[in-house]
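Here the structure is laid out as structure tokens; the discussion comes afterwards.
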Amino acid sequence: MTLSLPDLIFQVTGVESAPLLAALHEEAFAGGEVWDADSFTSLLGLPGTEALVVLKGNEPAGFILTRAVMDETEVLTLAVRPSFRRLGLGKSLVEQILPKGKIFLEVSISNNAAKKLYDRCGFIKAGYRRCYYRDGSDALVLVSTPSE
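Structure follows, in structure tokens:
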């Protein structure tokens, strides 16, 4: 599936994109928890898991990785390359998955940019996970439900 917006192309990708996703993730999360190609290969091999890559021009700029189980979708990770931040690509990626129904995710309590993004996309706080990340930091659990 390929969707287009002005100069943005969204492509659903599979296991073959694991090296690209790992490179984008490493660039987006430099100095943080980085997932390697084997991690993406494993995740994309699970039923209901999908990666949506955004290209600006012909250049990969970011992606969102989700896993759907029954009527819920979990955002596993969202990454935008630093050189493409503050252009609305993260919001565009999230907006592409909102029609999937109930969506939940975890976000670091210290990741203010991501918290603002999810707030602008209509997510609300649903819970809290203590020491969720490897560095011992906590996570907020956020949820978005379709409007009726």
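Sequential numbering from 3 applies to the sequence shown in this note's numbering. Think of the CB as a built atom: it goes at the ideal place given N, C-alpha and C, for glycine as much as any other residue. Being a predicted model, the structure only gives us computed values, none of them experimental.
CA-to-CA distance, residue j to residue i, given in whole angstroms
i	j	result
residue 19	residue 40	11 angstroms
residue 66	residue 32	17 angstroms
residue 43	residue 9	29 angstroms
residue 5	residue 59	Its pLDDT being 48, under 50, residue 5 is placed unreliably by the model, and nothing is read from it.
residue 14	residue 140	31 angstroms
residue 125	residue 71	19 angstroms
residue 68	residue 22	16 angstroms
residue 35	residue 116	15 angstroms
residue 133	residue 113	15 angstroms
residue 3	residue 131	Note that residue 3 scores 47 on pLDDT, short of 50, meaning its location in the model is unreliable and no value can be drawn from it.
residue 28	residue 79	12 angstroms
residue 93	residue 101	14 angstroms
residue 61	residue 45	24 angstroms
residue 75	residue 88	25 angstroms
Cβ separation of residue i and residue j, assumed to be a contact under 8 angstroms, to the nearest whole Å
i	j	result
residue 111	residue 146	The Cβ separation is near 18 angstroms, so there is no contact.
residue 103	residue 148	6 angstroms
Of the listed residues the options, nearest to residue i (C-alpha basis)
i	options	result
residue 85	133, 16, 26, 42	26
CB of residue i within 9 angstroms of CB of residue j, strictly
i	j	result
residue 77	residue 96	yes
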